[in-house]
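Participant:
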Amino acid sequence: MTRFAGTYYDGLTTQATPVSLQLDDANVLHVDGLPAPVAHPLASVRISARLGNTTRALYFPDGAKCDCSDNVAVDELERRAGKAGLSRLVHALESRWRYALLAGLLLVLLLVGGAHWGIPFLARRAADAMPAAMARDLGRGTLEVLDRTLLKPSELPQDVQQRIEGEFAAMARHYPELPLSLHFRGGAPANAFALPDGGVVVTDALVQLSTNDEQVLAVLAHEIGHVHHRHALRMALEGSTLVLLSSAYFGDVTQLTTLSTALPSVYTRAAYSRDCETEADTFALHYLDESHIPRQRFADIMRALQKEMGGDSKGGLQYLASHPPTSERIKRFESR
Amino acid sequence: MQPYPAGVNAPGPAFVPPPRERELRFEFTGSAKEYFRIWIVNTLLTIVTLGIYSAWAKVRTKQYFYRHTFVDGTSFEYLADPLKVLKGRIIAAVALGLLFGSQHYSLPLYLCTVGLFVLATPWVLVKALAFNARNSAYRNIRFAFTGRTGEAYGLYLGMLLLYLVTCGLAYPYVQWRMTSFAVTRHLYGDLRLWWESKPRGYYFAYLLGLLLMLPAYAIMMAITFASVGDRHDPAAAQRAMLPALAIVYPALLAATAVVRARLANLLYGGIRLGPHWLTSHQRGRDLVVLYLVNLVAVVCSLGLLIPWAKVRVARYTASHLRLFAVGPIHAEKLLDDEPGATGVGLADLGDFDIGIGV
């Protein structure tokens, strides 16, 4: 094998000595250029893995090392020593653009697939497997926080509350397996939402917005759909998984940018809740049909809500909206 | 030297001029194209192996950046064993899992876990610094961290108290004190690192950042109050927030860049290594551009330009760093049985890395 150049460091001081190296036929590596000749059997020399075109290092058993920028020569040493294996494979992948592009393609497929199917699938399994007691604790905490911050006690007349509660109880009897409960709250715009523990919160404004009880029931059926599919739990699990994963993968970039890490998780979470809304809508559709309530009731209240909120989200922002476009949802309930 | 005038005897001992310092530039020679391929392959392998490869990816990445950072013709080396990094990551993952798991399970268990985390912090910090130092080398001489866990506990508790008592006003001092501990307990071979930055530098950096933020906050407050005062329309208030945020975010970016530049200069520029010293001349306005371009590039490329952004930061940091060397840089390996290095051998028992770098 031909001679190649290197820089020798004895490991005791910072002294750098330019040397030339040569491997003889008996696989002994000779280092020339030092005050005393140095030779090591190749089998006892550890060779640093190839990494881009960075300088390689040969580590000798006595703690000395030799830096070599001649990658071809060091690769040949590795081959002669018969211990390249995995590190060479990794370098082969890292050094060619076609593999890099392939890796990029696979990465995008994996990430998109994982975000679209993988995490929701796992979150659904975990949500279904979560004990009812744990889910209840989660829900109780949520309502307490909301009561302290956003919500106020309901100001609906007692008789209205009792009437709707009675109708809700009749609905709940259809789903004995669900731990359903109804809460009236004020202080927020027209809205209804489901909690992880099976609680359904309705705001005063929503009841006041409705023109008949069947409209409220249609919304409640939609929320029971969320409870049935354990959406709140799934969202919480998906959200925390995404935050955890994205902080793991983008963690070392936080010093470059902080906004770029938040963006993907916002984007995917918006997509998740679109799917959840569609599932809950389907659930409500079935309930309305079975209870012989006209589907139009849901469409009516949605239209009233849409008017209250000030129009539909249009154009490019649609995919970022957490609900599917309202007009699209209304159409489902109006078409037979 | 001037010849001696006739008749004057030559002086007895020869005059040896003190060695002039040499100004040595740090240089980062890595390329975004090369690092992109390494990064994307390593990220893919990490995901495919469900995170196990992340330890190897971390070592390769760090080695890539170290080996491409040159000073005085030689580059740095990162020598960590990926298996030890993996061990550290598994411990950290289990600990975090316990923390998040116990959160939903029982309050006493959660509080116990949080308490354990708080208690373990100084120990983990010392371990991580020691691991990082021991696996960093230059010219085949390794760095070492000699800080003691006990000392770290005292410092940590004292600083926590000071921080609480002063309602956070002592934060720059606390940061200075912690950095001082981290820097001055480092050895390069037998050379100790000294640190000459002063707390007032930290106060000045944060004051400057605050001054940059104040006008933006004032404008935001004015806009918010004006819109709220007009009429009780939540939608209008939300619309008014948009221009307010458009003022605050650039101000925040500028303040962050200025503070970061000053802190980096204080950290690196205060370091003395034996007779040699470092200087760092990062500028806030450079960092504003650097961060802004990185942010836009990373967001618009959906993360694909992360390697490019990292290489840019490394190149900027290195190109503004200088080593002033007096005579040759000479250091010797500290024998393991010498005082100050005994902890190094012992530390191998609980050896792990959590990814904190100085």
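Residue numbers (my numbering), protein chains in the order written: chain A, 79 to 414; chain B, 46 to 403. Glycine included, each C-beta is placed from N, C-alpha and C at the ideal position.
In chain B, which residues lie less than 7 Å from A/Thr-132 when you measure between Cβ atoms?
Facilitator: Chain B residues near A/Thr-132: Tyr-109, Arg-112 and His-113.
Participant: From the DSSP secondary-structure annotation, give me the bridge partner or partners of A/Phe-82.
Facilitator: In DSSP, A/Phe-82 forms a bridge with A/Leu-99.
Participant: Grab the span of the alpha helix (DSSP H) containing B/Thr-158 for me, first residue to last.
Facilitator: Per DSSP, B/Thr-158 belongs to the alpha helix (DSSP H) from 152-179.
Participant: From the DSSP output, in three-state form, read off B/Thr-74 for me.
Facilitator: Correct three-state label for B/Thr-74: coil.
Participant: Determine the chain A residues that contact B/Thr-119 at a beta-carbon separation under 8 Å, and present them in chain order.
Facilitator: Per Cβ cutoff of 8 Å: Thr-85, Ala-94 and Asp-145.
Participant: A/Arg-174: which of A/Ala-205, A/Leu-129, A/Gly-141 and A/Arg-312 sits nearest, CA to CA?
Facilitator: Closest by alpha carbon: A/Leu-129.
Participant: Which same chain residues, not among the five before or five after B/Thr-194, have their C-beta less than 7 Å away from its C-beta?
Facilitator: Within the same chain, B/Thr-194 has close Cβ partners Pro-167, Trp-168 and Val-171.
Participant: For A/Cys-144, which residues in the same chain have their Cβ closer than 8 Å to its Cβ, ignoring the five residues on either side in sequence?
Facilitator: Only Gly-84, Thr-85, Tyr-86, Tyr-87, Val-97, Leu-99, Val-109, Ala-135, Leu-136 and Phe-138 meet the Cβ criterion.
Participant: Taking C-alpha atoms, which residue in B/Gly-142, B/Tyr-208, B/His-231 and B/Phe-226 lies nearest to B/Asn-180?
Facilitator: It is B/His-231 whose Cα lies nearest to the Cα of B/Asn-180.
Participant: Using only alpha-carbon positions, find the residue among B/Leu-205, B/Phe-190 and B/Val-210 that is nearest to B/Arg-222.
Facilitator: Measuring from the Cα of B/Arg-222, the nearest candidate turns out to be B/Leu-205.
Participant: Give me the residue from B/Ile-351, B/Gly-75 and B/His-375 with the minimum Cα distance to B/Tyr-233.
Facilitator: Cα-wise, what sits closest to B/Tyr-233 is B/His-375.
Participant: Per DSSP, what kind of secondary structure is B/Val-371 in: helix, strand or coil?
Facilitator: In the structure shown, B/Val-371 sits in a strand (DSSP, three-state: E or B).
Participant: Going by Cα to Cα distance, which pick from A/Ala-272, A/Pro-209, A/Val-305 and A/Pro-274 is closest to A/Pro-254?
Facilitator: Here the closest residue by C-alpha is A/Val-305.
Participant: Taking Cβ positions, are A/Gly-264 and A/Glu-245 nearer each other than 8 Å?
Facilitator: It is not a contact, given that the beta carbons lie outside the stated cut-off.
Participant: Helix, strand or coil: which one does DSSP assign to B/Glu-122?
Facilitator: Here B/Glu-122 sits in strand by DSSP.
Participant: How would you label A/Phe-199, buried or exposed, when you count the other beta carbons within 10 angstroms and need 16 or more for buried?
Facilitator: Classification of A/Phe-199: exposed, given that the 10 Å Cβ count is below 16.
Participant: Output, in chain order, the set of chain B residues within a Cβ distance shorter than 7 Å of A/Thr-220.
Facilitator: Those within 7 Å of A/Thr-220 in chain B number zero; the least Cβ separation is about 12 Å.
Participant: Looking only at DSSP bridge pairs, what is B/Glu-66 linked to?
Facilitator: In DSSP, B/Glu-66 forms a bridge with B/Val-371.
Participant: Taking C-beta to C-beta, are A/Leu-90 and A/Arg-158 nearer than 8 Å?
Facilitator: Cβ distance not < 8 Å, so A/Leu-90 and A/Arg-158 don't count as in contact.
Participant: DSSP on B/Tyr-109, reduced to helix/strand/coil?
Facilitator: Of the three classes helix, strand and coil, the one that applies to B/Tyr-109 here is helix, per DSSP.
Participant: Please list, in chain order, the chain B residues whose beta carbon lies closer than 7 Å to that of A/Leu-136.
Facilitator: Ordered by position in chain B, no residue passes the 7 Å Cβ test against A/Leu-136, which lies about 11 Å from the chain.
Participant: Which term fits A/Asp-390, buried or exposed, when burial requires 16 or more other beta carbons within 10 angstroms of its beta carbon?
Facilitator: Any answer about A/Asp-390 is weak, because its pLDDT of 45 lies below 50 and its placement is not dependable; what the coordinates show is given next. So A/Asp-390 ends up on the exposed side.
Participant: Taking a contact to mean a Cβ-Cβ separation below 8 Å, would you say A/Asp-206 touches A/Gln-293 in this structure?
Facilitator: Not closer than 8 Å, so no.
Participant: DSSP on A/Ser-288, reduced to helix/strand/coil?
Facilitator: A/Ser-288 falls in the coil class under three-state DSSP.
Participant: Leaving out five residues on either side along the sequence, give the residues of the same chain with a beta carbon under 7 Å from the beta carbon of B/Leu-332.
Facilitator: Excluding residues within five positions, the ones whose Cβ falls inside 7 Å are Ala-302, Arg-305 and Ala-306.
Participant: Measure from the C-beta of B/Pro-64 to each C-beta in chain A and report whether the shortest distance is under 8 Å.
Facilitator: Judged by the 8 Å Cβ criterion, B/Pro-64 is not in contact with chain A.
Participant: So that I know if they touch, is there some Cβ in chain A lying closer than 8 Å to that of B/Glu-79?
Facilitator: With 8 Å as the cut-off, B/Glu-79 counts as an interface residue toward chain A.
Participant: So that I know if they touch, is there some Cβ in chain B lying closer than 8 Å to that of A/Leu-287?
Facilitator: No, A/Leu-287 lies away from the interface with chain B (no Cβ there is under 8 Å from its Cβ).
Participant: Using a Cβ-Cβ cutoff of less than 8 Å, which residues in the same chain neighbour B/Ser-364 once the five nearest sequence positions on both sides are dropped?
Facilitator: Only Arg-70, Phe-71, Glu-72 and Phe-73 meet the Cβ criterion.
Participant: Would you kindly report the start and end of the unbroken alpha helix (DSSP H) that includes A/Asp-145?
Facilitator: Element bounds for A/Asp-145: not the alpha helix (DSSP H) but the beta strand (DSSP E), 143-146.
Participant: Nearest-angstrom Cα distance between B/Gly-199 and B/Thr-362?
Facilitator: Distance between the alpha carbons of B/Gly-199 and B/Thr-362 is about 33 Å.
Participant: I'd like the span of the beta strand (DSSP E) that includes A/Thr-281, first residue to last.
Facilitator: First-last of the beta strand (DSSP E) with A/Thr-281: 277-281.
Participant: Would the C-beta of B/Gln-327 count as close to the ligand COA, meaning under 7 Å from any of its heavy atoms?
Facilitator: This structure lacks the ligand COA, and indeed carries no ligand of any kind.
Participant: Are any of the Cβ atoms in chain B nearer than 8 Å to that of A/Gly-182?
Facilitator: Yes, A/Gly-182 counts as interfacial toward chain B.
Participant: Output the boundary residues of the beta strand (DSSP E) element that contains A/Gly-264.
Facilitator: Counting along the chain, the beta strand (DSSP E) containing A/Gly-264 begins and ends at 259-264.
Participant: Within 10 angstroms of its Cβ, does B/Trp-101 collect 16 or more other Cβ (buried), or is it exposed?
Facilitator: Classification for B/Trp-101: buried.
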